[in-house]
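Protein chains in written order, with the working numbering: chain F, 1 to 140; chain U, 1001 to 1390.
Below is the structure:
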């Protein structure tokens, strides 16, 4: 195989793998607001309770995420990566006991973690910013 | 309303019960009532409104014409024509004649976001002046509303309704409201109002040319009429506002303090809009913003709407904006408004902002800068979507 066709082959593979699709896409995302509450929406009700439907891996491709709000969605595991650019973090029912190890949010202003499994000490260790306003009801 | 105006009648009323009840209980109740009265006074529409009197008179006549039974009146018309404003003014004017009153704003949005229960709670707590009525289930909420409001002559405004189910869950039905009660429903959908068999429908009218000119001049020149040399320009701009107060206000604000050249280029752009679409008109005002102002506007449209202003300012400042200044500019341009320290914006302006974000990538939500619709978030964060996309 010549080097040109080899490169084309590689590009094709990269282009058609799911990984490449995510990598190309989600980098632009700066804010996410998920608030799924519609009693008549069957799909919504299902997704609120069905843990396996969500994929937290995608967060690792969102390096510019500034604002994140997640309500009424049921994830089965916490994210492995969260953008250090985060300013506002609200995640009800946060599934994991800890935040990602590489998460060092220096500019985080507000954290709302109602009804989550997160342990208080994890939050204390992570968050050093002086402007932070905690609201961590129902932490275990 | 003065503080003493509220306080004195309350104290007199409670003196009669003084001997048989606990003192602290009574004081708490007085404080709660005063608190409520004062908060109600300050929510009234403070802006100077143009051409509202004649419209309010029509609605009032419809409300009080006929017998003293229950009356349900609908106000319909396209977005930006001022339905909610009319309802708000009528509400402020007549609410003191009722034993309880409630203005439920943005019913459609509330239902979509949080379901029926919070709205049912708001309805009960505002009318009964209780802090937090206990409702867990929407169906039980209906019975609760019916039981507890049975004996009160009430005034209820349901603003921006788009579905009969919303009326069902808020128990809007004449059969049980006591005589003398009045209900106003505003909606873009005239069909919905006639299906629900209201007693009368008022179709909100467009502003007439004179009123539109006054509104535009107030925003652009801070006067009731255009300054010399701008008459023709004003007329051309208003040709694209179609009598919609929202469009006249936004266009006027974006022209405030601008040179004649700027006016002409704006009119040129207005002329290029192919269809009669108010969103395109609003977008011209958005396009005239600075980069940072645009970003903040989009953040508010997609994330912050309905949040506390100080809270949002602190978050945005940390993002490297001078948010206080920029929020003030957006306010001056009539693109957002701050009431009771809460950031809000008109539905159409929000839709325009979201459309700008959607245009970043119409086919692939993952490539937009902001996500707000649940189905788009699921498209990006859901497990099966990657394979289905390929």
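From the three backbone atoms N, C-alpha and C, an ideal C-beta is built for every residue, glycine too.
Checklist entry - Which residue from U:1064, U:1084, U:1069 puts its Cα closest to that of residue 1347 of chain U? => result Position 347 of the second chain, counted from the first residue, corresponds to residue 1347 of chain U. Residue U:1084 is the option with its Cα nearest to residue 1347 of chain U.
Next on the checklist: Taking only three categories from DSSP, how would you classify residue 5 of chain F?
Outcome noted: What you label residue 5 of chain F is simply residue 5 of the first chain in a count that begins at 1. Residue state, collapsed to three classes: helix.
Checklist entry - Looking at the C-beta of residue 1136 of chain U, does it have a partner C-beta in chain F at a distance below 8 Å? => result Numbered from 1 along the second chain, position 136 holds the residue referred to as residue 1136 of chain U. No, residue 1136 of chain U does not count as interfacial toward chain F.
Checklist entry - Listed in chain order, which residues of the stretch 1365 to 1383 of chain U have Cβ atoms closer than 7 Å to some Cβ of chain F? => result 1366, 1367, 1368, 1369, 1370, 1371, 1372, 1374, 1377, 1378, 1380, 1381, 1382, 1383
Checklist entry - Name the chain U residues whose beta carbon is nearer than 8 Å to that of residue 143 of chain F? => result Any property of residue 143 of chain F remains undetermined from this structure, which presents chain F solely from 1 to 140.
Checklist entry - Does the stretch 1144 to 1160 of chain U come close enough to the stretch 1098 to 1113 of chain U that 3 or more CB-CB pairs lie under 8 Å? => result yes
Checklist entry - Looking only at DSSP bridge pairs, what is residue 54 of chain F linked to? => result Translated into positions along the first chain, residue 54 of chain F becomes position 54. Per DSSP, U:1382.
Checklist entry - Going by other Cβ atoms of all chains shown within 10 Å of its Cβ, with 16 needed for buried, is residue 1052 of chain U buried or exposed? => result Counting from 1 along the second chain, the entry for residue 1052 of chain U is found at position 52. Buried is the call here.
Checklist entry - To which residues of the same chain is residue 70 of chain F closer than 6 Å at the C-beta, ignoring the five residues directly before and after it? => result Within the first chain, residue 70 of chain F is the residue found at index 70, counting from 1. Counting only Cβ-Cβ distances below 6 Å, and skipping sequence neighbours, we find 34, 91.
Checklist entry - Could you give the residue range of the alpha helix (DSSP H) that holds residue 1126 of chain U? => result As a position in the second chain, residue 1126 of chain U is number 126, starting the count at 1. Taken as a continuous stretch (DSSP letters only), the alpha helix (DSSP H) holding residue 1126 of chain U covers 1116 to 1128.
Checklist entry - How big is the Cα-Cα spacing for residue 66 of chain F and residue 114 of chain F? => result For the purposes of this step, residue 66 of chain F is taken as residue 66 along the first chain, with counting starting at 1. For the purposes of this step, residue 114 of chain F is taken as residue 114 along the first chain, with counting starting at 1. Rounded to whole angstroms, residue 66 of chain F to residue 114 of chain F spans 20 Å at the Cα level.
Checklist entry - Can you give the Cα-Cα distance for residue 1288 of chain U and residue 1092 of chain U, rounded to whole angstroms? => result On the second chain, residue 1288 of chain U is found 288 positions in, with the first residue counted as 1. On the second chain, residue 1092 of chain U is found 92 positions in, with the first residue counted as 1. Roughly 36 Å separates the two Cα atoms.
Checklist entry - Sorted by chain position, which residues of the same chain lie with C-beta nearer than 8 Å to residue 1201 of chain U's C-beta, five sequence neighbours on each side aside? => result The residue given as residue 1201 of chain U occupies position 201 in the second chain. Closer than 8 Å at Cβ, skipping near neighbours: 1073, 1074, 1075, 1076, 1190, 1193, 1194.
Checklist entry - What separation, rounded to the nearest whole angstrom, lies between the Cα atoms of residue 1160 of chain U and residue 1186 of chain U? => result Here the question's residue 1160 of chain U lines up with position 160 in the second chain. Here the question's residue 1186 of chain U lines up with position 186 in the second chain. Spanning the two alpha carbons is a distance of roughly 5 Å.
Checklist entry - Which residues in the same chain as residue 1168 of chain U place their Cβ atom closer than 8 Å to its Cβ, once the five residues preceding and following it in sequence are excluded? => result Taking the second chain and counting its residues from 1, one reaches residue 1168 of chain U at position 168. Correct list, in chain order: 1142.
Checklist entry - Is DSSP giving residue 1262 of chain U helix, strand or coil here? => result Position 262 of the second chain, counted from the start, is the residue given in the question as residue 1262 of chain U. If DSSP states are grouped into helix, strand and coil, residue 1262 of chain U belongs with the helices.
Checklist entry - How would you list, in chain order, the residues of chain F whose beta-carbon sits under 8 Å from the beta-carbon of residue 1302 of chain U? => result For the purposes of this step, residue 1302 of chain U is identified with residue 302 of the second chain, where counting begins at 1. Per Cβ cutoff of 8 Å: 31, 33.
Checklist entry - Taking 8 Å as the CB-CB limit, is residue 1113 of chain U close to chain F? => result Stepping through the second chain from its first residue, residue 1113 of chain U is reached at position 113. Answer yes: the Cβ-Cβ gap between residue 1113 of chain U and chain F drops below 8 Å somewhere.
Next on the checklist: For residue 69 of chain F, list the residues DSSP reports as bridge partners.
Outcome noted: One-based indexing of the first chain puts residue 69 of chain F at position 69. Answer is F:33, F:90.
Next on the checklist: On the CB-based measure, 16 or more other CB atoms within 10 Å of its CB, does residue 1272 of chain U come out buried or exposed?
Outcome noted: Within the second chain, the letter at position 272 stands for residue 1272 of chain U. Exposed is the call here.
Checklist entry - Just how far apart, CA to CA, sit residue 1181 of chain U and residue 1173 of chain U? => result For the purposes of this step, residue 1181 of chain U is taken as the residue at position 181 of the second chain. For the purposes of this step, residue 1173 of chain U is taken as the residue at position 173 of the second chain. Using only the alpha carbons, I get a separation of about 11 Å.
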